[in-house]
Structure formats: C-alpha cells, structure tokens
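Each remark here refers to the structure printed beneath this line.
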Amino acid sequence: MDDLIPIGHFARMSRLSIKALRHYDDQRLLAPAWVDPSSGYRYYRPAQANRAEAIRILRLVDMPVDEIRDVLAEDDPAVTAGRLELHRQRLQERLADHERMLRFLERLIERGGTIMPYDVTIKDIPTHAVASVTVHTSLATIGDAIAKGFGAVVGAISAARVAPAGAPFIVYHQVIDEDTDGNIEICVPVPASTGERVGGPGDVVWKQVPGGPVAATTHRGPYAEIGPAYHTVTGWIHDHGHTITAPPREVYLNDPQLVAPEDLLTEVQFPIDAS
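Structure, rendered in structure tokens:
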C-alpha cells in the first residue's frame, strides 16, 4: 500500500475536484483503490490517473456518465472506437444546431424591435380524440422527453392496431425555461371510436382534447426558432381584446425525418375566448 495517494493529492494530479472524484465513485466510474474503514477517507493509485483523465476529457465533450461507463468497461478497441464515433457525430449535429441558432440570433438583432412577420388567424378546431402521455421535463431534457413520449404513444397506438387520425401535437401546460420545469402533453389524434383500446401500457391514455376557437399562426423553420411565433400570437391576442383560455399547442404539420430543418412547419395555437 506504499503507492496509495490521498484523495486531495490525486485530485491535483488528475485535475478533478474532490467533489467530482466522490461523484465518480458514486457513479461507479472511478472507485478509489482503498477506503480507510475508520475515517472513510479515499486513496488512489497513480495508475488510475489515466482513467481519471479519460473521464475528465469525455465529460468536457459532454458524454453522458452512463456512456462513459460503457466506454471504459469495453475491452474491444473497435467497439470503443464505434462508441466514440457516435458521440463525435452527436457533437457535430450539436455544433450545426448552434451555428443555426447564431444565424437566427443575427437575424433577430438585425430586425431590432421589429417582430418577425407572421399571419395570425382565428380558426375553430374540432374536439380531438387522442392517445396522449403527460411528462414532466426541463428545458435541458425536453428533446429527449418529447422523443420518448412520442415513442410511447406511437407504440400504444400500434399495439392497439389503430391508425393516427391527424397531425400530432403537444400541449404546453407550463412555460418551460432555463429556471422552470413543467408538464407537456404529447398527443396523437386517433379515431374517436377506438376509445379505451388505445390506453396503456404505461402512462398512455385515451382522452378528448376540447376544441373551439384558437388564434393560430404557422412557423416555418427549426423548432428552436419558434419563439417569435409565440410573441406574435400573444401580442395579437392582447391587441384584439381576446382572452387566452387554455395552454398553447404546437401542431407538427410535417415529419422532421423527411424534411430539412428550414422546411419544418409548426402551427402555434392559443385557445381563446373569441367573443
């Protein structure tokens, strides 16, 4: 045990904080070589520094902890290379998204205080019978939550041998931002006659989403750039003396797997009292 290093020394060696080392121990990523049974103090060996450095680098490039655990547990170099390549592709997609958002920000700044042009109309929508699932999410996890939610709903519909009866949509029950989590309801219209056949397993339910008048506009482009459409519709509602009566909905008019991000069509709807 002569080569054991106290956690503080190992933290300086590995450029990881003591808090991080404790966290990675809890996550089964980097266990100490020995723990003093009387004090609980952790000790490491110099040979563990390479593993610590690999963890530090993988976290710097935002690889999730579960995936890091799989990478470090893999003995096959080809499999490890494949896992790293998948993450490289993910980073490239994220970079493309960030570049697109920077271009969007430039357009917003160039417009100054002028809101981007959207046409707002009042339309009456029917009551929808839907298969739906409600999930609680944060802004950081909303993309994964939506993907898993739609997967659950589509799976329930397929199991019930029911065909979708309209464009899918999401009801945003709360505003979700950097500081606030909230509930979203992921809905796929189904024939009203299907009834409870669509419900379950899991949290998927069959229900009726009330219809009525909505103030609506259509956004063309990436989902992340939809904010000005919300600004326009809520401003229009205020200017025309209407009252919002229910949470907003986003109706997805085409498939993101079939069209480019700039060609995505999303209708933003706010239920209103149109009297």
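For my numbering, add 3 to where a residue sits in the sequence shown, where the first one is 1.
Just so you know, even glycine gets a beta-carbon here, dropped at the ideal spot from N, CA and C.
Here the structure is a predicted model, which is why all the values come from computation and not from measurement.
Where the alpha helix (DSSP H) containing H234 begins and where it ends:
G230 to D242
Count the other CB atoms, across all protein chains shown, that sit within 10 Å of the CB of V82; report buried if there are 16 or more and exposed otherwise.
exposed
So for G224, helix, strand or coil by DSSP?
coil
Where do the ends of the alpha helix (DSSP H) carrying A162 lie?
I145 to A162
Under the three-state reduction of DSSP, which class applies to A249: helix, strand or coil?
coil
Entirely within the segment 15 to 83 and at least 4 residues each: give me those alpha helix (DSSP H) ranges in chain order.
21 to 29, 52 to 63 and 68 to 76
For chain C, is any of its Cβ atoms less than 9 Å away from the one on A84?
Checking the listed chains, one finds no chain C in this structure; it contains a single protein chain.
E253: buried (16+ other C-beta within 10 angstroms of its C-beta) or exposed?
buried
With which residues is T183 paired in a DSSP beta bridge?
D180
Strand pairing of P213, partner residues [DSSP]:
Paired residues: none, contrary to the question.
Helix, strand or coil: how does DSSP classify S196 here?
helix
Based on DSSP bridge pairs, tell me the residues matched to D100.
None, per the DSSP bridge assignment.
Expected contact under 8 Å - CB spacing of I247 and P216 to nearest Å
The pair is not a contact, with the Cβ atoms about 11 Å apart (cut-off 8 Å).
At a cut of 8 Å, does the segment 237 to 245 reach the segment 178 to 195 through at least three beta carbon pairs?
no
Range of the contiguous beta strand (DSSP E) that encloses Q272:
L268 to D276
Taking contact to mean 3 or more Cβ pairs, one atom from each stretch, closer than 8 Å, check whether the segment 249 to 268 and the segment 159 to 179 are in contact.
yes
Measure the C-alpha to C-alpha separation of L32 and V64 and round it to an integer number of angstroms.
16 Å
Segment contact flag, the segment 187 to 197 with the segment 123 to 143, C-beta cutoff 8 Å, min 3 pairs
yes
Tell me which residues share the same chain as T137 and place their Cβ nearer than 8 Å to its Cβ, disregarding the 5 neighbours each side in the sequence.
H176, N186, I187, E188, I189 and D206
In the DSSP assignment, what residue or residues form a beta bridge with F107?
Bridge partners of F107: none, in fact.
Run through DSSP, which three-state label would P9 get?
strand
Do the segment 100 to 111 and the segment 137 to 152 meet, that is, are 3 or more Cβ pairs less than 8 Å apart?
no
Could you check whether F13 and Y44 sit closer than 9 Å to each other, using their CB atoms as the reference points?
no
Check whether the Cβ atoms of V271 and T220 lie closer than 9 Å to each other.
yes
Starting from the Cα of I125, find the closest Cα among H245, P264 and P225 and give me that residue.
H245
CA-to-CA distance, Q95 to P49, given in whole angstroms
34 Å
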